[in-house]
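Right, one structure below, let's go through it.
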Amino acid sequence: MSTRFLHHFFEPRTLAVIGASENPASLGGLVLRNIHEGGFKGQRWAVNLKGYDQVFGDPCVKRVDDLPEVPDLAIICSPIDGVPKLIHQLGKFGVKAALVLSGGAYLDRDTGNKGSIRERMLKAARESGIRVLGPECMGLIVPAKKLNASYASQPVKAGRVAYLGQSGMLANAMIDWAAGRDVGFSHLITVGDSVDVLLPDLIDYVNQFSPAQAILLHLERISDAQHFMTAVRDASRNRLVLAIKSGRTFASDISGMAPTPGIANRDVVFDAAFSRAGVVRVDDSDELLDALETLSRMKPLRGDRLAVVSNGLGPAMLAIDKLVSAGGKLAEFSDETQQALHQSQVDFSKPGENPVDLGGNATPERFVEALKIVAADANVDAVLVVHAPTRLAPSLVTAQALIANRKAFRRNLLTSWMGLKEALNARHECNLAGIPTYISPEKAVKAFMHMVDYQRVQQLLQETPPSLPFSTSAEIRAECRKLISEAKAEGRQTLSHSETAQVLEAYGIPAATSYYLTSAEQALDIAAKIEGPKALKVVHEGNCRPYRYRKHPHKISAGLLQDLETPEQVADGVRQLGEKVNEKYPEYAIHEYCLQPMQRGKHSMQVCAGITRDPVFGPLIVFGIGGYKVNVLADRQVALPPLNMSLAADVVNRTHAASLIREHSSDPDRDTQHLCQLLVKLSQMASDLGELRGLELNPLLLNRDGMLAVDFAMDLGPPARFAIMPYPEELREWLTLKNGWQVEVRPIRAEDAPLITNFHRQLSEESIRFRYFHNKSDLTQRDLSVLSHINYDRQMAFIAEHQRDDGSKEMLGVVRVWNDPDNIRTEFSVIIRDDMQGLGIGSLLMKKMIAYCTHIGTLEMVGKIMPDNHPMRALMKHLGFTCRYNMEEQVIDAIMRLNEPESEWQRHRLESLPD
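In this text, residue positions in the sequence shown follow the numbering used here: the first is 711, and each later residue adds one.
Here's what the structure looks like:
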């Protein structure tokens, strides 16, 4: 999976259509006609076993081997049964890219023990290194290159929007919608049921090589969450990314995957993934273009406060209802704005308030006057104009007045021209002028909320968070992993209540004082030492798994006795619970009984938090309202680990629990901080303990004294694969410099932004020029985000950190690498603080990075060095790099082979020049 050879798909000089004929029902003939009509200027051939002389004027040959030269792109439209053999022939012939439009119903069926068609296609591709897009794809369209290698129903206009999808029919519909809105595309591609080139590969390619300002994604399924998240996070840093997901409900989900424990609808997991990646999600295909129009035409918002100006209160109230229900904010006008609206006498229904009702007799001039006043208010972030046509203010004339005065409006402007006949011309004028326009107030508000969501997810993507409140040690990790290993060695897939309590204690999560016993006799002795009412729970294999209440909601508190006062009552409770388990669940062995003092008072609030595992996205952090008597699933929010304090706060603030805290807590900031720290600890636990499958803390009591986990359960599974690579704690190490300093060499993390800022300030202009190839005196917020927020599956950065005598820390140097998507090559850079040079830090960092890249299987490490950077050239020679002068770029290329290719596929990638 990579972008290697993908340029053969999108910039071919020659192509061959296999299976093309002039038969009206021929898929190949249809594709070839589209290629002709698109104006492709390169050499074209048809391949057909019937041996035609020509197909639509293009020369035709009988077999691939008969082609006069190797085409850049082969487009396969012949029957699917013969496609694996065709891919083998094409690869052997030297073709680098094959587009497979053929399809069928049984691609995964193994016939004759030869493997399925998909398996044989992929095997043939791997043998030669040819890239395969398909089968069952619609094709691809690159209007700027005059390439339409698809069965699309109409021509596509060139533009700056890339559409990448998984459904050919939806892409055809999108082409028609876009044509109606005058939207053009830079690339339009569907992957179908592709065996090799996947959606993340295309996202990577578009991100690196396309002029697109926006990417539209249509998803039906995701096979590799880590690859997808890495690609889309990188893309959303550089351009707008909008996504629509089909299969959101149980009825339309054809993935056949098991449900995610503790989550009623897996669609919320996609919400969390899109939000974490900086992607704006839309609900339907029409809304996709509405959101595109808004986000591509509006300036960045400063906030989420909307003002509404209308020529009637009814339409304005429709907009406000939608705004409030969507979680938006109605702007509150300043005193100056209210006074100006009173004096101008333009506001009828509620003078000086939002919305501004201009009345049915409002003229275009009155609209302009009101907009100048409202748009000048610092409390307003955007203004929505809602207009219904009247004789005094026809839609077109009013639109022309707004367009003529648009420079006088200091805020983003959205318009809704209600109606159809008159409104069409007004919308057309606004479209031409670049002003977002919508057919209804509700659609306009929804588009505005997409802008608000986009600002939020982008801020989260680029935010540099505060320091982490908690960090584990190697001892803590080893202790907890030992507990898990021992449980698995006994054949258990769960930890007992007491073992789970030990894990919580290790990670600093307070749990209620618990006493564990196995008999009624023990109960008498232990209960006598506990004052006040007590709770008793039986722990067996059936109830020490988390999130079981989804299947048996009426048995949610089964196995629990409360308000036991005397030791005798506790002993009787042990017998009673034991008999009940033996009677109802004879297959479950009882592990232990848990005795706790009853937890009441202190105005506690019950919440639920934990870890679960999704079949696609891997470990997830969950949080929401807790307890036994509420629908805990209704409020549950999820997030992809790893979390920092900023991301944790975003999760907490999206729950109903946060609203209750803000309303009832004596110190909401304190309580929110406690919850955020808890989620960060859970995130760390999920990262450290790969075999932890699920953990539920429910109920978790939150009050003025802090938090207390009352009940909890943990189960185990195979090692997890994370959608976002967690922080690699195991790569931290302490080393000694030549001057005797002890320094920690560790991977960089998002919380290191202040260290990076101080480090950069201590660099000389020459050091900065050697690193960035130009002077860069200051780092912007975006620079800090890019340097500190890294994807550990494709990037790595090691810093050398020293602790001063006063306890503060300083950064002495950093080495970075950027891997290509299939881990063939990695490009490095290294920079050392000027006053720290000569202590061996550069050599130390480079050796650690070389060892790391070698360990993860990277084949080659490369770097570019300025010719006058003599210390770096000497270091490269010392480390064993091969250095050669690059005439074209006027730099020194330093190259080191780390590993040898293990397959023909890797050898092809390594020997090819970078795209």
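The beta carbon of each residue, even a glycine, is placed where N, CA and C say it ideally should be.
Check	Outcome
Relative to the C-alpha of Val727, which residue among Val805, Leu716, Arg1403 is closest?	Val805
So, do the segment 1365-1373 and the segment 997-1006 have three or more beta carbon pairs nearer to each other than 8 Å?	no
Can you give the Cα-Cα distance for Leu1040 and Pro1010, rounded to whole angstroms?	18 Å
Quick check for students: name the residue ranges of the beta strand (DSSP E) that lie wholly in the segment 1215-1239, counting only runs of 3 or more.	1225-1227
Within 10 Å of its beta-carbon, does Lys1290 have 16 or more other beta-carbons around it, so buried, or fewer, so exposed?	exposed
Taking buried to mean at least 16 other C-beta atoms within 10 Å of its own C-beta, is Ser1487 buried or exposed?	exposed
Taking all protein chains shown into account, do 16 or more other C-beta atoms lie within 10 angstroms of the C-beta of Val989, making it buried, or fewer, making it exposed?	buried
Once you ignore the five residues that flank Ile1030 on each side, which residues in its own chain have a CB closer than 7 Å to its CB?	Val1018, Leu1040, Pro1065
From Asp775, Leu742, Ala1358, pick the residue whose C-alpha is nearest to that of Gly767; which is it?	Leu742
Measuring alpha carbon to alpha carbon, tell me which of Ala1109, Ile1458, His1580 ends up nearest Met1559.	Ile1458
Quick check: does the Cβ of Leu1081 come within less than 7 Å of any heavy atom belonging to the ligand ATP?	The ligand ATP is absent from the structure shown, which contains no ligands of any kind.
Cα separation between His1264 and Arg1258?	Here His1264 scores only 45 on pLDDT, less than 50, and its place in the model is too uncertain to base an answer on.
Cutting at 7 Å between CB atoms, please list the residues of its own chain near Gly869, excluding the five before and the five after it.	Val893, Gly894, Phe895, Ser896
DSSP three-state call for Met1559: helix, strand or coil?	helix
Would you list the residues sitting across from Glu1511 in a DSSP beta bridge?	Glu1454, Met1521
Taking DSSP's pairing of strands, which residues face Pro769 in a bridge?	Gln764
Are at least three pairs of beta-carbons, each pair with one atom in the segment 1298-1318 and one in the segment 1412-1419, less than 8 Å apart?	yes
In the DSSP assignment, the beta strand (DSSP E) including Tyr873 goes from what residue to what residue?	868-875
Whole angstroms are fine: how far does the CA of His1160 sit from the CA of Ala1036?	10 Å
Between Gly1328 and the rest of its own chain, which residues show a CB-CB distance below 7 Å, the 5 nearest in sequence each way excluded?	Ala935, Ala1430, Arg1431, Phe1432, Ala1433
For the candidate residues Ala859, Asp903, Gly890, Ala1072, whose alpha-carbon lies nearest to that of Gly875?	Asp903
For His718 and Gly1567, what's the separation of their Cα atoms in angstroms?	27 Å
Give me, in chain order, the residues of the same chain whose beta-carbon lies closer than 7 Å to that of Met1308; leave out the 5 immediate sequence neighbours on both sides.	Gly1242, Pro1243, Lys1244, Ala1245, Gln1272, Asp1273
In the DSSP assignment, find the unbroken beta strand (DSSP E) run with Leu809 in it and report its ends.	807-810
State yes or no: is the C-beta of Arg841 within less than 8 Å of the C-beta of Leu716?	yes
Taking DSSP as the reference, what is the three-state secondary structure of Leu1549?	coil
Locate the alpha helix (DSSP H) running through Ile913, then write down its first and last residues.	909-919
If contact is defined by three or more beta carbon pairs under 8 Å, each pair taking one atom from either stretch, is the segment 751-766 in contact with the segment 727-740?	yes
On the three-state DSSP scale, how would you describe Pro1581?	helix
With 16 as the cutoff for other CB atoms within 10 Å, does Gly1252 come out buried or exposed?	buried
So, at 8 Å on beta carbons, what are the nonlocal neighbours of Ser920 in its own chain, with the 5 sequence-adjacent residues on each side left out?	Ala872, Ser896, His897
Which one or two residues does DSSP pair with Trp755 in a beta bridge?	Ala726
Would you kindly check if the distance between the Cβ of Gly1517 and the Cβ of Ile1541 is under 8 Å?	no
Looking at C-beta atoms only, is the number of pairs between the segment 1480-1494 and the segment 1162-1182 that lie closer than 8 Å three or more?	yes
Using only the alpha-carbon positions, how far apart do Arg1012 and Leu832 sit?	49 Å
What would DSSP say about Phe1043, mapped onto helix, strand or coil?	coil
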